[in-house]
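Residue numbers (UniProt numbering): 1 to 345.
Note that the Cβ used here is the ideal one computed from N, Cα and C, for glycine as well.
Just so we're clear, the structure is a prediction, and the values are computed from it rather than from any experiment.
Written out below as structure tokens is the structure these notes cover.
Okay, here's the thing in structure tokens:
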């Protein structure tokens, strides 16, 4: 297959260059962006969760270095990053270096998790301008490293609005206006008790969420907007612009924005929820469609998990079903090889 041949050829070049350079990084045909949060997401993505071969620090080290080299040598115009799962630290005997909140993602109320679509030692994310580019690069990177599960996604009508990347999901609503304006608020700081190598990284939550679109489409647009808490274009139900803060204080009884609306439950704007940088991708399969939800944060307990507790029992839950995903940790400079040695020592 052409993609496979390309992958093998590129890896052979990398291996030869590393050998000749005495262990230095191979020349890169295209610069992979090191920080996925530093620019708007690409229109297409592939998420591939891997279970690495080997065990113990030395057994895992080789696979991690190969993985980092492949992500760093991504083709021109392709964006890559690696995120680490809790099982990697157990497999490599690095439990003392595990980020303190990193664990297997639990099942929340309403979830029906398929073990075959959950967790993984590492997660590779590839972003590209076309689905074919993303798939080809993901195959080249993963190749012999043991794919546990893999999902492809796209961002429909993707654009930047008021400085925030937004896209339209398969329910017909624009999402992304509620993201923080900068990425620094979702990066781990030096006063959180995290291992030194992890400072500047970010916790990543991935959720594979199926949409009951046929059921959703039976509701009127007005009813859908009350369930979400925004109009389809992202503006607030009281007429405020999409990028403005909602007028919840002037609507304490939920006459304008229902108290059980998704956006009001998820973020009441009272400081009780830590910032999340959400990057949503739609997906369509043979017998399912929905949202690949990804969210970056510096603290899982006060971020995603706090949101999940607030969302329990929301009306939107009738139309969604989470079937997979996991918790991961994105190292600083996750699209390069520079994060490997501080971790492995």
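Between residue 303 and residue 293, the CB-CB gap reaches or exceeds 7 Å.
Closest in C-alpha terms to residue 89, from the list 80, 42, 101 and 81, comes 101.
With a threshold of 16 other beta carbon atoms within 10 Å, residue 129 falls short and is exposed. Cα atoms of residue 277 and residue 295: separation of roughly 5 Å, rounded to the nearest angstrom. Residue 138 is not a Cβ neighbour of residue 49, given a cutoff of 7 Å. For residue 161, the enclosing beta strand (DSSP E) begins and ends at 156-161. Residue environment for residue 79: buried (at least 16 other C-beta atoms within 10 angstroms of its C-beta). According to DSSP, residue pairing for residue 165 in a beta bridge involves 160. Per the DSSP secondary-structure output, residue 211 pairs in a beta bridge with 320. Excluding sequence positions up to five before and after residue 185, its CB lies within less than 6 Å of the CB of 275, all in the same chain and listed in chain order.
Per DSSP, the beta bridge partners of residue 291 are 209 and 282. Annotation: residue 93 to residue 219 spans about 52 Å, alpha carbon to alpha carbon. Going by DSSP, residue 200 is part of no alpha helix (DSSP H) at all; its letter is neither H nor E.
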